[in-house]
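A.B. asks: Shown below is the structure under consideration.
Protein chains: 2
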Amino acid sequence: MTESAKPARIGATYLIETAHPLEKAATIMAGEQSSGTFLKVPGETPELQRTFGARVESITELGEVAEPSLPGARGPREGGRTIQRARVRLSFPTGNIALSLPNLLTMLAGNLYELSPFSGLRLETVDLPESFVTQFAGPQFGVTGTRQMAGVQDRPLIGTIIKPSVGLSPEDTAALVQKLCEAGLDFIKDDELIANPPYSPIRERVAACMRVINDHADRTGRKVMYAFNITDEIAAMRRHHDVVKAAGGTCVMMSLNSVGLTGVQAVRQTCELPIHGHRNGWGALSRHPSLGFDYRAWQVFWKLAGADHLHVNGLENKFCESDESVLASARACLAGLHGRHQVMPVFSSGQWARQAFRTYRELGSTDLLYVCGGGIMGHPDGIAAGVQSVRQAWAAAAAGQSEAEALADDRNRELSRAVEFFSGVEK
Amino acid sequence: MTESAKPARIGATYLIETAHPLEKAATIMAGEQSSGTFLKVPGETPELQRTFGARVESITELGEVAEPSLPGARGPREGGRTIQRARVRLSFPTGNIALSLPNLLTMLAGNLYELSPFSGLRLETVDLPESFVTQFAGPQFGVTGTRQMAGVQDRPLIGTIIKPSVGLSPEDTAALVQKLCEAGLDFIKDDELIANPPYSPIRERVAACMRVINDHADRTGRKVMYAFNITDEIAAMRRHHDVVKAAGGTCVMMSLNSVGLTGVQAVRQTCELPIHGHRNGWGALSRHPSLGFDYRAWQVFWKLAGADHLHVNGLENKFCESDESVLASARACLAGLHGRHQVMPVFSSGQWARQAFRTYRELGSTDLLYVCGGGIMGHPDGIAAGVQSVRQAWAAAAAGQSEAEALADDRNRELSRAVEFFSGVEK
């Protein structure tokens with residue numbers, strides 16, 4: 001068969017930890033997630049196995065560990081009980097499932113987490129054939145569309161979050177939005193804890209905030225993008241979307257893990273605005289390094305479901321994640337799947353001007369949302385100065401300057417003030 | 001304020017692990033998930049804090065641990081760095097969110113998994129006020145409705161799974177279903193790996209299998225319940241449901257974690273059949289004992305979303321879960337929320353006749369689905385004998401007999417044969 005005539009397969013790599021021989025362990029994974037069982041059943045013919053079986057493509061040994069990472073695993077009945085780690089690459093026939101994201105997820109990340117040979121199992125990467133990827137709508141706006149709607153080119157969109165997270169009335173929110181617009185922000189988002197609560201019904205919050213944003217746009221020619229949190233049941237999300245759209249809003253936010261894959265897909269179908277994908281709950285899926293999902297795998301599903309922006313945490317963040325992990329996530333967002341479906345990574349958590357330098361150096365791109373809370377709001381000279389400090393940092397970084405070079409430029413006064421002030425503050 | 005006039009609150013307990021003083025750590029959780037931030041912001045008044053703040057209701061110390069369970073956590077800047085575990089009970093004002101499951105999930109299990117003070121954080125239980133619970137449709141059929149539709153009272157529904165998991169044509173599936181109906185099974189389910197694939201389109205599978213099931217029902221007066229896996233995108237799930245319903249089918253299955261909360265809710269709205277809730281992916285959320293979710297918390301969301309059956313694994317299962325954990329899950333399914341929304345626990349994985357005795361003794365109920373693969377199909381005298389062995393075990397167990405007493409009864413021949421045979425087989 002020529003290369004192009006070979007039926008495409010779905011690939012996935014896993015980090016595993018097991019006391020079984022690696023080849024046996026990998027074969028168990030492949031069997032459990034396709035046509036194999038260890039108790040042979042009558043219908044399971046060699047031909048069926050050839051057509052539908054998942055294949056072990058490669059096994060890379062990663063060394064021994066002293067203790068199992070997860071409890072409950074069982075070793076082999078005989079033989080050594082050394083626990084080994086390895087990277088296993090499996091491939092699945094595309095014909096095993098319909099073109100359906102939930103069924104893809106079940107195939108790649110279903111029951112196998114509970115298999116007893118494994119004291120660790122993590123889905124690291126997913127590689128889909130182009131013929132599979134092109135069947136999904138994916139992000140409707142992505143990087144280019146978001147930039148157009150926000151009127152921002154050649155630098156990150158600089159944003160902030162409405163705080164306090166819970167309890168602010170629509171009027172108080174709008175008053176804050178007024179200040180944020182005047183300060184020069186490109187992007188504002190709801191906290192994930194506010195959606196459509198009694199104290200701030202989304203209809204009223206949208207009306208109050210969009211009045212301010214539209215007035216500001218009329219005066220300045222630039223419409224600040226506000227990601228209103230429409231997270232809810234599906235019919236309600238569609239209603240909330242329509243409220244945002246009708247009021248002239250340009251973005252909606254969804255808590256992806258809470259809504260679920262098919263809910264995001266359903267909203268995407270009729271959505272006319274960029275979807276800002278919040279990843280709250282992600283820690284439960286990822287915080288143990290030998291369990292759950294690597295972001296590189298997780299983001300594939302949400303790209304295909306239609307998110308336009310995906311949160312990636314930020315460098316020197318307030319959470320538990322390493323900078324290396326954050327950068328790998330951001331690169332995955334920007335990488336696209338077969339040259340399409342790129343999404344905008346959202347940097348957030350403990351961000352202020354300084355991280356612009358390393359973020360740009362590592363990423364080589366300004367195609368991102370840079371969301372600062374205290375790092376803008378807490379600038380000693382006010383919010384506008386906070387925005388300026390971040391803009392100055394990104395302009396210098398994108399021009400190839402180091403932080404020291406940027407600080408040597410007298411025009412970067414707000415940046416200098418930010419560095420003086422925030423360097424001393426516990427992040 | 002009198003007890004009844006007090007506004008109801010949403011309660012949640014968490015297992016935490018932290019190097020910070022416990023009270024401080026609990027306050028951080030409460031603040032992050034409600035109106036508090038550590039960098040005070042202008043709108044955050046004491047009154048707002050009183051109205052919207054989550055409260056720390058109790059802290060129970062559980063002792064010290066030598067090493068952090070999860071990487072990335074940070075200890076306090078000064079003071080002892082002993083790592084402690086504790087159970088923390090928080091309560092949240094119901095007014096912080098709309099009556100919305102995804103927003104409930106984000107409030108109780110959102111960003112807090114990533115908070116840096118914690119080297120372990122697991123949501124253990126969720127307690128909702130009755131006024132909240134009654135707003136959700138919940139399971140439409142539950143235990144009573146399922147029993148009515150299956151025509152089975154006073155004992156568990158005895159079921160099996162179509163195997164091989166992947167690759168069987170509709171005709172071959174129907175031929176197997178024919179045998180299973182004749183063998184006396186109450187319940188048959190698709191494997192979670194088969195939904196609507198090219199080799200077995202659900203329309204054709206349903207048509208072929210329901211022809212067999214309906215014919216059998218015409219002859220015997222009893223319709224075997226088949227849980228067809230309708231997992232897919234929402235519009236497709238609704239179509240698949242309609243196909244099952246139109247053909248006279250009595251159950252649909254969904255992979256809950258893959259579909260997501262709002263997708264299950266959307267299907268439930270127009271669903272006319274019991275929803276068999278498969279939990280594949282659950283291991284990723286639960287396998288580390290200091291991360292993710294306890295089943296007692298997880299099942300609350302799926303009950304409210306409308307699942308009628310929920311998988312709980314089984315005693316002496318092939319997976320990694322302890323029997324104690326399985327029993328706690330089953331009890332949670334049967335417990336209901338404020339006297340409603342009970343669902344049928346599904347026992348599956350390595351089940352055969354023997355586990356009936358301890359399952360009944362521990363649970364005190366036969367309100368369950370008892371699903372055996374090899375434990376029925378592999379009976380030395382055939383499938384019908386396999387079904388009989390399980391029925392005999394459950395009848396004896398429910399009559400208060402021990403396994404030894406049941407084996408002493410000559411009428412339990414199939415049970416005796418199962419015990420002889422399976423006792424020697426590696427599970």
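If you're matching them up, the sequences are chains A and B in order. With the first letter of the first sequence counted as 1, position 132 gets the number 132 in the numbering used here; the numbers rise by one all the way through. With the first letter of the second sequence counted as 1, position 242 gets the number 242 in the numbering used here; the numbers rise by one all the way through. Note that the Cβ used here is the ideal one computed from N, Cα and C, for glycine as well.
(1) Name the chain A residues whose beta carbon is nearer than 7 Å to that of B:Phe-52?
(2) From A:Val-224 to B:Gly-248, what does the alpha carbon distance come to, in whole angstroms?
(3) Between which two residues does the beta strand (DSSP E) harbouring B:Cys-251 extend?
(4) Taking C-beta pairs closer than 8 Å, name the residues in chain B that A:Leu-363 reaches, listed in chain order.
(5) What does A:Val-259 touch in chain B if you count any residue whose Cβ is under 8 Å from its own?
(6) How is B:Asn-103 classed by DSSP in three states: helix, strand or coil?
(7) Anything in chain A within Cβ reach of B:His-288, meaning under 7 Å, just list it in chain order.
(8) When you compare only the Cα positions, how much space is there between A:Val-65 and B:Gly-120?
(9) Using a cut-off of 8 Å between C-beta atoms, extract the partners of B:Pro-198 located in chain A.
(10) Return the bridge partner residues of B:Gln-84 from the DSSP annotation.
(11) Could you give the distance in angstroms between the alpha-carbon of B:Phe-52 and the alpha-carbon of A:Asp-232?
(12) Within 8 Å (strictly less), CB to CB, does A:Asp-410 reach chain B?
(13) Quick one: what's got a C-beta closer than 7 Å to A:Pro-139's C-beta in the same chain, skipping five residues either side?
(14) Provide the residue span of the alpha helix (DSSP H) that contains A:Asp-323, from first to last.
(15) Please confirm whether B:Glu-3 has its beta-carbon closer than 8 Å to some beta-carbon of chain A.
(16) Measuring only between beta-carbons, confirm whether A:Gly-75 sits less than 8 Å from chain B.
(17) Is any heavy atom in the ligand ZN found nearer than 7 Å to the beta carbon of A:Asn-96?
(18) Can you say whether B:Gln-299 is buried or exposed, counting buried as having 16 or more other CB atoms within 10 angstroms of its CB?
(19) Use the C-beta contact count for B:Ala-235: other C-beta atoms within 10 angstroms, 16 or more gives buried, fewer gives exposed.
(20) Run down chain B in chain order and give the residues with a C-beta less than 8 Å from the C-beta of A:Thr-231.
(21) Between which residues of its own chain and A:Phe-38 is the CB-CB distance below 8 Å, once the five residues before and five after are set aside?
(22) For B:Ile-234, which residues in chain A fall below 8 Å Cβ to Cβ?
(23) Per DSSP, A:Lys-189 is paired with what?
(24) Starting from the Cα of B:Arg-413, find the closest Cα among B:Gly-375, B:Ser-290, B:Ala-393, B:Arg-9 and give me that residue.
(25) Mind checking which residues open and close the alpha helix (DSSP H) that includes A:Asp-215?
(26) Drop a sphere of 10 angstroms on the beta-carbon of A:His-288, count the other beta-carbons inside from all chains shown, and report buried for 16 or more, exposed for fewer.
(27) How would you label A:Pro-7, buried or exposed, when you count the other beta carbons within 10 angstroms and need 16 or more for buried?
(28) Can you pull the chain B neighbours of A:Tyr-113, defined as C-beta to C-beta under 8 Å?
(29) Do you know how far the Cα of B:Thr-13 is from the Cα of B:Thr-125?
(30) According to DSSP, what are the bridge partners of A:Leu-121?
(31) Would you verify that the beta carbon of B:Leu-176 is, or is not, closer than 8 Å to some beta carbon of chain A?
(32) Among A:Ala-86, A:Ser-423, A:Ser-416, which residue has its Cα nearest to the Cα of A:Arg-122?
(33) At 9 Å on the CB atoms, spell out the chain B contacts of A:Glu-420, in chain order.
(34) Excluding the 5 residues preceding and the 5 following B:Cys-209 in the sequence, name in chain order all residues of the same chain whose CB lies nearer than 7 Å to its CB.
(35) Quick one: is A:Pro-46 buried, meaning 16 or more other Cβ sit within 10 Å of its Cβ, or exposed?
(36) Quick one, which of B:Glu-130, B:Leu-369, B:Gly-110, B:Arg-411 has its alpha-carbon nearest B:Thr-94's?
C.D. replies: So, from the listed chains and residues:
(1) The count along the second sequence starts at 1 and reaches residue 52 of chain B at position 52. The contacting residues are Val-166, Gly-167.
(2) Looking up residue 224 of chain A in the first sequence gives position 224. Looking up residue 248 of chain B in the second sequence gives position 248. Straight-line Cα distance between these residues: approximately 54 Å.
(3) Counted from its first residue, the second sequence places residue 251 of chain B at position 251. Element bounds for B:Cys-251: 251-255.
(4) For the purposes of this step, residue 363 of chain A is identified with residue 363 of the first sequence, where counting begins at 1. The premise fails here: A:Leu-363 is roughly 21 Å from chain B at the closest Cβ pair, so nothing lies under 8 Å.
(5) Here residue 259 of chain A corresponds to residue number 259 of the first sequence, with the count starting at 1. Ordered by position in chain B, the residues that pass the 8 Å Cβ test against A:Val-259 are Pro-102, Gly-260, Leu-261, Thr-262.
(6) Numbered from 1 along the second sequence, position 103 holds the residue referred to as residue 103 of chain B. Helix, per DSSP.
(7) Here residue 288 of chain B is taken as the residue at index 288 of the second sequence, counted from 1. Neighbours of B:His-288 on chain A, chain order: Leu-70, His-288, Leu-291.
(8) Counting from 1 along the first sequence, the entry for residue 65 of chain A is found at position 65. Counting from 1 along the second sequence, the entry for residue 120 of chain B is found at position 120. In a straight line, the C-alpha of A:Val-65 is about 21 Å away from that of B:Gly-120.
(9) In the second sequence, residue 198 of chain B corresponds to position 198, counting from 1. Here the neighbours are Gly-95, Ala-98.
(10) As a first step, residue 84 of chain B is located in the second sequence; it is residue number 84 there, counting from the start. Per DSSP, B:Thr-18, B:Glu-64.
(11) Residue mapping note: residue 52 of chain B aligns to position 52 of the second sequence, counting from 1. Residue mapping note: residue 232 of chain A aligns to position 232 of the first sequence, counting from 1. Approximately 20 Å between the Cα atoms of the pair.
(12) As a first step, residue 410 of chain A is located in the first sequence; it is residue number 410 there, counting from the start. No, its Cβ sits nowhere closer than 8 Å to a Cβ of chain B.
(13) Here residue 139 of chain A refers to the residue found at position 139 of the first sequence. Result list for A:Pro-139: Lys-303, Gly-306, Ala-307, Asp-308, His-341, Val-343, in chain order.
(14) Translated into the one-based positions of the first sequence, residue 323 of chain A becomes position 323. First-last of the alpha helix (DSSP H) with A:Asp-323: 323-335.
(15) If you number the second sequence from 1, residue 3 of chain B lands on position 3. Legend: pLDDT at B:Glu-3 = 47, less than 50; position of this residue unreliable, no value from coordinates given.
(16) Here the question's residue 75 of chain A lines up with position 75 in the first sequence. Chain B, which has no Cβ nearer than 8 Å to the Cβ of A:Gly-75, makes this no.
(17) The ligand ZN is absent from the structure shown, which contains no ligands of any kind.
(18) As a position in the second sequence, residue 299 of chain B is number 299, starting the count at 1. With 16 or more other Cβ atoms within 10 Å, it is buried.
(19) For the purposes of this step, residue 235 of chain B is taken as residue 235 along the second sequence, with counting starting at 1. That one is exposed.
(20) Counting from 1 along the first sequence, the entry for residue 231 of chain A is found at position 231. Here the neighbours are Ser-100, Pro-102, Asn-103, Thr-106.
(21) Counting from one through the first sequence, the residue named residue 38 of chain A turns up at place 38. Residue confidence for A:Phe-38 is low, a pLDDT of 48 falling below 50, so the modelled location carries little weight; the figure read from the coordinates is stated next. Taken in chain order, the residues that qualify are Ile-28, Gly-31.
(22) As a position in the second sequence, residue 234 of chain B is number 234, starting the count at 1. Ile-234, Thr-262, Gly-263, Gln-265, Ala-266, listed in chain order.
(23) Residue 189 of chain A sits at position 189 when you count from the first residue of the first sequence. In DSSP, A:Lys-189 forms a bridge with A:Ile-161, A:Ala-227.
(24) What you label residue 413 of chain B is simply residue 413 of the second sequence in a count that begins at 1. It is B:Ala-393.
(25) Position 215 of the first sequence, counted from the first residue, corresponds to residue 215 of chain A. Its alpha helix (DSSP H) spans residues 202-220.
(26) Walking along the first sequence from the start, residue 288 of chain A turns up at place 288. A:His-288 is buried by the Cβ-count criterion.
(27) For the purposes of this step, residue 7 of chain A is taken as the residue at position 7 of the first sequence. Burial call: exposed.
(28) Taking the first residue of the first sequence as 1, we reach residue 113 of chain A at position 113. Correct list: Gly-281, Trp-282, Gly-283, Ala-284, Arg-287.
(29) In the second sequence, residue 125 of chain B corresponds to position 125, counting from 1. In the second sequence, residue 13 of chain B corresponds to position 13, counting from 1. Distance between the alpha carbons of B:Thr-125 and B:Thr-13: 5 Å.
(30) On the first sequence, position 121 is the one that residue 121 of chain A refers to. Paired residues: A:Ile-16, A:Leu-291.
(31) Taking the first residue of the second sequence as 1, we reach residue 176 of chain B at position 176. Yes, because at least one Cβ of chain A sits closer than 8 Å to the Cβ of B:Leu-176.
(32) Position 122 of the first sequence, counted from the start, is the residue given in the question as residue 122 of chain A. The alpha carbon of A:Arg-122 has as its nearest neighbour, out of A:Ala-86, A:Ser-423, A:Ser-416, the alpha carbon of A:Ala-86.
(33) Translated into positions along the first sequence, residue 420 of chain A becomes position 420. Correct list: empty, because the minimum Cβ distance to chain B is about 18 Å.
(34) Here residue 209 of chain B is taken as the residue at index 209 of the second sequence, counted from 1. For B:Cys-209, where only same-chain residues beyond five positions count, the Cβ hits under 7 Å are Thr-173, Ala-174, Val-177, Tyr-226.
(35) In the first sequence, the residue the question calls residue 46 of chain A occupies position 46. Exposed.
(36) Residue numbering aside, residue 94 of chain B sits at position 94 when the second sequence is read from its first letter. Answer by Cα proximity: B:Glu-130.
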